[in-house]
Amino acid sequence: MKLAEGTVIGLIAGYYDVETAAGIVRTRARGVFRQKKQKPAVGDHVEIQIDDKGMSYLVKILPRVNRIGRPAVANVSHVLLVISAIEPDFSLELLDRFLTFFSWQKVRVTIYLSKADLIDDKKFEQISDLLSYYQKIGYPVFTNYHDVQKQIPGMIDKDQIWTLAGQSGAGKSTLLNHLKKDANQATGAISTSLNRGKHTTRKVELFKLGKGFLADTPGFSSIDLTPIKINELCNYFIEFKRASKNCKFRGCQHLKEPKCEVKKLLEEGKIMPSRYDDYLAMRMEITEGRMPEYLK
Ligand SMILES: Nc1nc2c(ncn2[C@@H]2O[C@H](COP(=O)(O)OP(=O)(O)OP(=O)(O)O)[C@@H](O)[C@H]2O)c(=O)[nH]1
Ligand SMILES: [Zn+2]
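Residue 1 is where the sequence shown starts when you use full-length UniProt numbering, and the numbers rise one by one after that.
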């Protein structure tokens with residue numbers, strides 16, 4: 001019996017394709033996962049066991065950083081967030097929701113403004129202006145499809161897993177299809193006696209792109225912030241978090257505390273008012289334990 005470690009790069013009809021140092025191995029998950037109510041996901045780092053008959057089993061899920069989206073992808077390090085300029089309308093509120101959610105999930109975000117070709121120059125200037133704030137606080141921003149196609153592969157570091165996210169209709173599938181043209185199908189060459197996957201549709205898989213992977217999933221379009229602990233929410237607004245080192249009180253929530261650096265920067269116009277408003281709205285949402293009706 002042999003043991004090996006690898007990364008799940010494909011999930012198809014109950015089989016898990018695991019990339020190991022010795023190549024891709026098609027495995028089944030051991031029943032023990034069902035008992036423990038665990039489910040391996042694409043992106044998981046796992047241990048596999050190959051028995052004397054050459055049967056391969058996924059036996060252990062190694063600790064994961066996160067597990068997000070539907071279908072789920074584990075250990076996502078980066079999201080390429082597609083935000084449309086129009087159809088659906090550009091929304092800072094939505095952008096902030098996504099950014100907060102991913103910050104909470106320890107996922108880095110790159111922003112891509114889609115459908116910029118559908119708006120006039122004036123509107124484009126307006127939106128670019130707003131996005132430049134996000135660039136300044138640390139989020140890479142693209143407003144042009146060609147730049148994305150050229151630069152994203154170079155931004156994907158070794159073994160990183162990237163996935164797409166954005167509102168329904170924002171243009172995720174469109175972008176994915178373009179990026180896939182540059183990607184190599186990671187699971188293309190499987191040769192094992194267990195290969196009965198020929199005629200089944202793959203559900204989730206990772207494509208090799210850059211030095212890592214891009215998930216071939218539709219990404220996700222709606223998010224729930226209510227499980228976030230209210231006192232931790234401020235940590236997920238990255239510029240608030242940075243500023244909070246200079247707040248008088250540790251654990252400052254930037255509400256009515258004296259000598260609050262976030263409030264000071266807000267008053268000086270260095271923190272964008274809509275960011276602060278969205279912070280307050282999310283606090284409300286978490287307190288009430290439900291998403292606002294219009295976002296459902
Ligand atoms: N003009 C223009 N149209 C675009 C662009 N990106 C996407 N579209 C169009 O917008 C529509 C929605 O795009 P999709 O890629 O299906 O959007 P999606 O985010 O995958 O949507 P869901 O599957 O509902 O989550 C399609 O008709 C696309 O052709 C763009 O950059 N410019
Ligand atoms: Zn503060």
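No residue lacks a Cβ here, since even glycine has one placed at the ideal position from N, Cα and C.
Range of the contiguous beta strand (DSSP E) that encloses residue i
i, result
"VAL32", "First-last for VAL32: 32-35, but that is the alpha helix (DSSP H), not the beta strand (DSSP E)."
"ALA116", "That residue, ALA116, is in no beta strand (DSSP E); it is neither H nor E in DSSP."
"GLN49", "45-50"
"LYS208", "204-209"
"ARG28", "23-29"
"GLY69", "Note, GLY69: premise wrong, no beta strand (DSSP E); not H, not E."
"VAL255", "Note on identity: in this sequence residue 255 is Leu, with Val being the wrong assignment. First-last for LEU255: undefined, no H or E at that position."
Reduced DSSP secondary structure (H/G/I, E/B, other) of residue i
i, result
"ILE190", "Low confidence applies here, because ILE190 scores a pLDDT of 40, under 50, leaving its location unreliable and the question unanswered by this model."
"LEU62", "coil"
"GLY269", "coil"
"GLY6", "strand"
"ILE223", "coil"
"HIS146", "helix"
"VAL262", "helix"
"THR174", "helix"
"ASN195", "Any reading at ASN195 must be qualified, since the residue scores a pLDDT of 43, below 50, and its modelled position is unreliable; the value itself is stated next. Reduced to three states, the DSSP call for ASN195 is coil."
"PHE156", "Note on identity: in this sequence residue 156 is Ile, with Phe being the wrong assignment. Here ILE156 sits in coil by DSSP."
"GLN185", "Reliability of the predicted coordinates at GLN185 is poor, the pLDDT of 49 falling under 50, and the value obtained from them is presented with this limitation in mind. Strand."
"ALA281", "helix"
"GLU288", "helix"
"ILE12", "strand"
"GLU19", "strand"
Span of the alpha helix (DSSP H), counted from its first residue to its last, around residue i
i, result
"PHE101", "92-104"
"LYS122", "121-137"
"PHE240", "238-243"
Beta-carbon separation (whole angstroms), residue i vs residue j, contact threshold 8 Å
i, j, result
"ASN144", "ALA116", "7 Å"
"PRO273", "LEU209", "With 8 Å as the limit, PRO273 and LEU209 do not qualify as a contact, their Cβ atoms being about 37 Å apart."
"VAL65", "ARG30", "Contact doesn't hold; Cβ gap of about 23 Å is too wide."
"ILE286", "ILE230", "5 Å"
"ILE111", "PHE142", "7 Å"
"VAL79", "ALA165", "5 Å"
"ASP157", "LYS211", "6 Å"
"TYR236", "SER103", "4 Å"
"ARG28", "GLY14", "7 Å"
Beta bridge counterpart(s) of residue i as assigned by DSSP
i, result
"SER84", "SER114"
"LEU164", "LEU80"
"ASP89", "Answer is none; ASP89 lacks a bridge partner."
"SER56", "ILE50"
Selection from the options that minimises the alpha carbon distance to residue i
i, options, result
"GLU19", "GLU47, LYS39 and ILE111", "GLU47"
"LYS245", "GLU261, LYS211 and TYR236", "GLU261"
"ILE137", "TRP162, LYS37, ILE228 and ASP96", "ASP96"
"PRO63", "PHE33, ILE228, HIS45 and ASP51", "HIS45"
"MET55", "MET1, GLY10, VAL42 and LEU11", "MET1"
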